[in-house]
Amino acid sequence: MLLRHTGEEVVERKALTVNPAKTCQPVGALYAALGVYKCLPHSHGSQGCCAYHRSALTRHYKDPIMATTSSFTEGASVFGGQANIVEAIGNIFSIYDPDVIAVHTTCLSEVIGDDLTQIIKKASTDGKIPEGKLVIHANTPSFKGSHVTGFANMTQSLVQYLAENTGKKTSYINILPGFVEPSDMAEIKRIAKEMGVKFILFPDTSEVVNSPLDGKFHMFPKGGTTVEQIKSSGDSMFTIALGRDSSLPAAKFLDSKCKVPYEVTEVPIGLRATDAFVDLLRKSSGTHVPDSLMVERGQLVDVMTDMHQYFYHKKAAIVGDPDVVTALAQFLSDLDIEITAIVTGTPSGPKFEKRLREFVGEKTVIKTGLNADMFLFHQLVKSDKPDLIFGNTYAKYIARDEDIPLIRIGFPIYDRVGHQYFPQVGYKGAMRIVEKILNALMDRQDRDAAEEKFELVM
Amino acid sequence: MEEKNVYTAVDPEHVRDSILKKYPAKIARKRAKQIIVNNVGDNDLVPEMLANARTVPGILTMRGCSYAGCKGVVLGPTRDILQITHGPIGCGFYSWLTRRNQTRPETLDDTNFMPYAMSTDLQEDEIIFGGEKKLKAAIDEAVALFHPKAIGIFSTCPVGLIGDDVHAVARDMEEKYPDVNIFGFSCEGYKGVSQSAGHHIANNKVFTDVVGLIDTPKPGNFKVNILGEYNIGGDAFEIERLMAKCGFTLHSTFSGNSVYEEFASAHTADLNVVMCHRSINYLAEMMEKKYGIPWFKVNFVGANSTAKSLRKMAEYFGDKNLMATVETVIKEEMESVEKIRNEVKSRCEGKTAMLFVGGSRAHHYQDLFSEIGMPTVSAGYEFAHRDDYEGRKVLGSIVVDADTRNIEELTVEKDATRYSPRKSEAEMAAFAKDGFEFSDYKGMMAEMPNKTLIIDDLNHYEAEVLIEKYKPAIFCAGIKEKYVIQKSGIPLKQLHSYDYSGPYAGFEGAVNFYQEIDRLVNSNMFRFVKAPWQGNPELAGSYGWTK
Numbered sequence: 072m073l074l075r076h077t078g079e080e081v082v083e084r085k086a087l088t089v090n091p092a093k094t095c096q097p098v099g100a101l102y103a104a105l106g107v108y109k110c111l112p113h114s115h116g117s118q119g120c121c122a123y124h125r126s127a128l129t130r131h132y133k134d135p136i137m138a139t140t141s142s143f144t145e146g147a148s149v150f151g152g153q154a155n156i157v158e159a160i161g162n163i164f165s166i167y168d169p170d171v172i173a174v175h176t177t178c179l180s181e182v183i184g185d186d187l188t189q190i191i192k193k194a195s196t197d198g199k200i201p202e203g204k205l206v207i208h209a210n211t212p213s214f215k216g217s218h219v220t221g222f223a224n225m226t227q228s229l230v231q232y233l234a235e236n237t238g239k240k241t242s243y244i245n246i247l248p249g250f251v252e253p254s255d256m257a258e259i260k261r262i263a264k265e266m267g268v269k270f271i272l273f274p275d276t277s278e279v280v281n282s283p284l285d286g287k288f289h290m291f292p293k294g295g296t297t298v299e300q301i302k303s304s305g306d307s308m309f310t311i312a313l314g315r316d317s318s319l320p321a322a323k324f325l326d327s328k329c330k331v332p333y334e335v336t337e338v339p340i341g342l343r344a345t346d347a348f349v350d351l352l353r354k355s356s357g358t359h360v361p362d363s364l365m366v367e368r369g370q371l372v373d374v375m376t377d378m379h380q381y382f383y384h385k386k387a388a389i390v391g392d393p394d395v396v397t398a399l400a401q402f403l404s405d406l407d408i409e410i411t412a413i414v415t416g417t418p419s420g421p422k423f424e425k426r427l428r429e430f431v432g433e434k435t436v437i438k439t440g441l442n443a444d445m446f447l448f449h450q451l452v453k454s455d456k457p458d459l460i461f462g463n464t465y466a467k468y469i470a471r472d473e474d475i476p477l478i479r480i481g482f483p484i485y486d487r488v489g490h491q492y493f494p495q496v497g498y499k500g501a502m503r504i505v506e507k508i509l510n511a512l513m514d515r516q517d518r519d520a521a522e523e524k525f526e527l528v529m
Numbered sequence: 008m009e010e011k012n013v014y015t016a017v018d019p020e021h022v023r024d025s026i027l028k029k030y031p032a033k034i035a036r037k038r039a040k041q042i043i044v045n046n047v048g049d050n051d052l053v054p055e056m057l058a059n060a061r062t063v064p065g066i067l068t069m070r071g072c073s074y075a076g077c078k079g080v081v082l083g084p085t086r087d088i089l090q091i092t093h094g095p096i097g098c099g100f101y102s103w104l105t106r107r108n109q110t111r112p113e114t115l116d117d118t119n120f121m122p123y124a125m126s127t128d129l130q131e132d133e134i135i136f137g138g139e140k141k142l143k144a145a146i147d148e149a150v151a152l153f154h155p156k157a158i159g160i161f162s163t164c165p166v167g168l169i170g171d172d173v174h175a176v177a178r179d180m181e182e183k184y185p186d187v188n189i190f191g192f193s194c195e196g197y198k199g200v201s202q203s204a205g206h207h208i209a210n211n212k213v214f215t216d217v218v219g220l221i222d223t224p225k226p227g228n229f230k231v232n233i234l235g236e237y238n239i240g241g242d243a244f245e246i247e248r249l250m251a252k253c254g255f256t257l258h259s260t261f262s263g264n265s266v267y268e269e270f271a272s273a274h275t276a277d278l279n280v281v282m283c284h285r286s287i288n289y290l291a292e293m294m295e296k297k298y299g300i301p302w303f304k305v306n307f308v309g310a311n312s313t314a315k316s317l318r319k320m321a322e323y324f325g326d327k328n329l330m331a332t333v334e335t336v337i338k339e340e341m342e343s344v345e346k347i348r349n350e351v352k353s354r355c356e357g358k359t360a361m362l363f364v365g366g367s368r369a370h371h372y373q374d375l376f377s378e379i380g381m382p383t384v385s386a387g388y389e390f391a392h393r394d395d396y397e398g399r400k401v402l403g404s405i406v407v408d409a410d411t412r413n414i415e416e417l418t419v420e421k422d423a424t425r426y427s428p429r430k431s432e433a434e435m436a437a438f439a440k441d442g443f444e445f446s447d448y449k450g451m452m453a454e455m456p457n458k459t460l461i462i463d464d465l466n467h468y469e470a471e472v473l474i475e476k477y478k479p480a481i482f483c484a485g486i487k488e489k490y491v492i493q494k495s496g497i498p499l500k501q502l503h504s505y506d507y508s509g510p511y512a513g514f515e516g517a518v519n520f521y522q523e524i525d526r527l528v529n530s531n532m533f534r535f536v537k538a539p540w541q542g543n544p545e546l547a548g549s550y551g552w553t554k
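Just so you know, the protein sequences line up as chains A and B, in that order. Residue numbers for the first sequence follow the numbering used here, so the first one is 72 and each next one is one higher. Residue numbers for the second sequence follow the numbering used here, so the first one is 8 and each next one is one higher.
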């Protein structure tokens, strides 16, 4: 057994986290910053943070993840990191020449209390920031929230630093995609284009962290939302925020800063969440849902109906990030899959549970926040054995020990490819999830069936 | 040397100048001391390298931190020391199973904490009011849930700043749980300038708090500890196989596939051999001073190096039977190695390699490349010190800077009762006369040809220049560099994680590596990078029937 010390009996823990179902803010902030064109994320802290975050994202995307660090030593930790970052800013512009440096803090610089707003001003006064270039920052203390919070905070900072209300409204819709994959961001754009909606999507990591191999390394790949686009998001007529935890702070900030009204809806994973997104796009932009999308929707409903017998009364347990988990749980419920347990390490508050209870039963165990970790998740799996587990790569240790198929969804996925290129959002994405579920269940049935029960047609 | 000197076509001085000219003056001055054209003089004298120096802020570095070196590298591979990361969640998360240290518990009931990441997950309140109380509670919970015999506490950056005393907590909790050995590491990420500081911190604590606690040796003759072998991709398994086959008793490995008791009784062994000099030479030195165990450097990377290392170990014991067995083993193993080596060499000969990794690997792996005829044209370490480049002869002349001064240097005395020199003075004199070297490491540079380019703490921009100027057949580094280099159409072999394969140590490992390099440089997929029509842009838009 891989996790041989995990017993079934749940004992309440208050201090020890075992096998976390979250990680820290800066990695989410770094990822969000990669979604801005010609932006170089910068980690204000020790070298190790940046090395760890780059490694984690590289393993997940199998693509270059570029970011710099303030390289704190003990001296910087005692006297403050201002000298380090001011030096870093100068070096970054002269060596790598990005258009934007997006700084995120770390627990170290937060504890020291470095005031980034003031430091960036000083760097500007000192002439360290060339004409036309920008340095922005987000506070991302690792001792609050999770990687999802970090993503939300950096997205909010983009608004805070860049969005402008010029007084001339445009007919654009802002779409905040939430902490999803580059393939998902591309799919969200495709849906909006299909509907003829004029939109600004940010951050947008498509073609940044899933860039093509063309024989040349591009420090700044061609993907990413431009600064101009984010600036003009302040003039847009509406914002659609996908995912309460990862997108709401930016949408709220944009509303209060530039008077752009917003609505928050689920990350469009599954049929109903996609319906809600499409409907919101339609209403906010005054467009129609084209036949092409209706065909995609109809095909999804067709497969759901055709294969319903394989979903009905199957059981699933989910571990992951709140926005993704919420939409996924809704979709699984719509397929008539029962959900035994939902765990997220991100502290998501009572709203998360309340929303989930709208479509999962009272029997479903929901754990969130401190000590809601994968150790607890494993114990819940042991006590009520599901047919499927949904989670990131780390869940495979549980899946193997308990001999339950795992469907990989969330962050990080270190051991499979696909998430970079094939979306999980939209009707097409839902179809992909359905396919994965069916493959997992049917492969299992084919493996386990008695010879006389072995089915040719399923 | 039989390798073709293909690399002489590139002038290393020119490459060096090209790199330096883009830098602002201050950086250029510093990097000039870390980018050195190799020149080996008499007595293996090589130019001085600036190493173990701060990375310039804002430079895209490969380096990590002290915590990574301590928890991730040195202690991580041990399966039955329960490891609690004290700090916010990230550090514990990122060091969770990501280094591929394999371990093999002997029975289903044996302890194995390696698939578990444990953390105090400090929150804002604890950052403000202190985290010691939570750490104590976490230890209570860990003891109740997992019943460990030892607990290591690893400090992350904020812990040092908020003033949590992990050592005091360890003492208090050890009083509460006398059967559990509890010790803390002050390996905050900001200590030192790289992972290297963390290695030293780990060595110190393991030496003071673990080694020497159990005086019962393992049964068997010719007891050897291997220091600095972390069982990435199963390297230690292959070394274990060879040790057993030759008749050595492998007492403890620090720390691949290891258990606590082996650390605690390591001082009862007859010999320490050191694989990764950078990460563990401290422990070898301290054990020699305190217990009288001699050490020398070995290298199990490369078939020839493996043979050489096994012979040296047998020679140390001086036992005729042992030496004969070692020769038999080498002969037998080499037969299958040679067959594949020659075949692969015929396809790889003359292709060039670059290695930028670690504190030993960039040196060790040159042996494997050279065995298949591939010269290393440029190499450097990520976090090594001057002695790893220039040899231990420069130890006395290394200037201790502020960053190093912060890492404790233990004063070690002979153990009153347990110090016992393994060899008599006369025996040691005889060894010296035969040129048998102890306590030495010659470093990377003396073993590299002149005019190779040695670069310490290579950064992204410099790697790009190297690729452009040298167009090597293969580049070796880590995960962060992997896809950056590959986008340029050059294969990168990860020498931290081995790209999820291995082992590469020992004889079986050598064969694995030859075949892997053969795959990477000869059957590469990069030939598909250009679409068929990209070669003939002038034909765009013309159709066959118009001709």
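No residue lacks a Cβ here, since even glycine has one placed at the ideal position from N, Cα and C.
*Taking Leu249(B) as the reference, which of Asp216(B), Val336(B), Arg526(B), Asn306(B) has the closest Cα?*
Val336(B)
*asked:* Report the CB separation of Val187(B) from Pro155(B) in whole angstroms; it is logged as a contact under 8 Å.
replied: 6 Å
_Please report the straight-line C-alpha distance between His115(A) and Ala321(A), rounded to a whole angstrom._
22 Å
_Measuring CB atoms only, is the region 254-263 of chain B touching the region 174-191 of chain B, in the sense that at least three cross pairs come out at less than 8 Å?_
no
*Over what stretch of residues does the alpha helix (DSSP H) that includes Pro165(B) continue unbroken?*
164-169
*Can you tell me the Cβ-Cβ gap for Thr211(A) and Phe446(A), rounded? I've got them flagged as a contact below 8 Å.*
Going by Cβ atoms, the distance from Thr211(A) to Phe446(A) rounds to 26 Å, so no, they are not a contact pair.
*What residues of chain B sit near Glu158(A), judged by a beta carbon separation below 7 Å?*
Pro64, Gly65
_Status (buried if at least 16 other CB within 10 Å, exposed otherwise) for Met72(A)_ = exposed
_Against chain A, which members of the region 148-162 of chain B pass a CB distance test of less than 8 Å?_
Glu148, Ala149, Ala151, Leu152, Phe153
_Cutoff 7 Å; reference Ile169(B); Cβ partners in own chain excluding five residues on either side_ = Ile134, Gly137, Gly138
*Measure the C-alpha to C-alpha separation of Thr464(A) and Leu272(A) and round it to an integer number of angstroms.*
28 Å
_According to DSSP, simplified to helix, strand and coil, what is His208(A)?_
strand
*Val13(B) - DSSP class collapsed to helix/strand/coil*: Since pLDDT at Val13(B) reaches only 45, below the 50 mark, its modelled position is unreliable, and the value read off the structure follows with that caveat. Val13(B): helix per DSSP, three-state reduction.
*Ordered along the chain, which non-local residues of its own chain (more than five positions away) have a Cβ less than 8 Å from that of Glu9(B)?*
Its pLDDT being 41, under 50, Glu9(B) is placed unreliably in this model, and the value from its coordinates should be taken loosely. Excluding sequence neighbours, Glu9(B) sits near Gly380.
_Proximity below 8 Å, CB of Ala273(B) to CB of Val218(B)_ = yes
*Which same chain residues, not among the five before or five after Leu527(A), have their C-beta less than 8 Å away from its C-beta?*
none
*Cβ of Phe100(B) less than 8 Å from any chain A Cβ?*
yes
*Please classify Tyr333(A): does DSSP put it in a helix, a strand, or coil?*
strand
*Closest by C-alpha distance to Ala104(A), when choosing among Pro253(A), Asn510(A), Asn442(A)*: Pro253(A)
_According to DSSP, simplified to helix, strand and coil, what is Phe482(B)?_
strand
_Can you give me the C-alpha to C-alpha distance between Tyr498(A) and Leu342(A), rounded to a whole angstrom?_
6 Å
*Which whole-angstrom value is the C-beta distance of Ser307(A) and Ile207(A), which I expect to be below 8 Å?*
Incorrect: roughly 19 Å between the Cβ atoms, too far for contact.
_With a threshold of 8 Å between beta carbons, is Val279(A) in contact with chain B?_
no
*asked:* DSSP has Asn466(B) in a bridge; who is on the other side?
replied: Thr68(B)
*asked:* For a contact defined as C-beta to C-beta under 7 Å, what are the partners of Ser165(A) on chain B?
replied: Pro31
*What span of residues does the beta strand (DSSP E) with Ser114(A) cover, start to end?*
110-115
*Cα separation between Gly294(A) and Arg348(B)?*
44 Å
_Whole-number beta carbon distance between Gly391(A) and Thr358(A), since they are thought to touch under 8 Å_ = Going by Cβ atoms, the distance from Thr358(A) to Gly391(A) rounds to 32 Å, so no, they are not a contact pair.
_Whether or not the region 451-459 of chain B and the region 305-321 of chain B are in contact is what I'm after, with contact meaning three or more pairs of Cβ atoms, one per stretch, closer than 8 Å; do they touch?_
no
*If you count every other CB in all the chains shown that lies within 10 Å of the CB of Asp394(B), and 16 or more means buried, which is it?*
buried
*Answer yes or no: does any C-beta atom of chain A fall closer than 8 Å to that of Lys28(B)?*
no
*asked:* I'd like to know whether the C-beta of Val13(B) is nearer than 8 Å to at least one C-beta of chain A.
replied: The predicted model places Val13(B) with a pLDDT of 45, which falls under 50 and marks its position as unreliable, so this point remains unresolved.
_Count Cβ pairs between the region 231-240 of chain A and the region 262-272 of chain A that sit closer than 8 Å; are there 3 or more?_
no
_Going by DSSP in three states, Lys425(A) sits in which element: helix, strand or coil?_
helix
*Can you give the Cα-Cα distance for Lys29(B) and Pro19(B), rounded to whole angstroms?*
16 Å
*asked:* Against chain B, with Cβ distances strictly below 8 Å, would Asn90(A) count as a contact?
replied: yes
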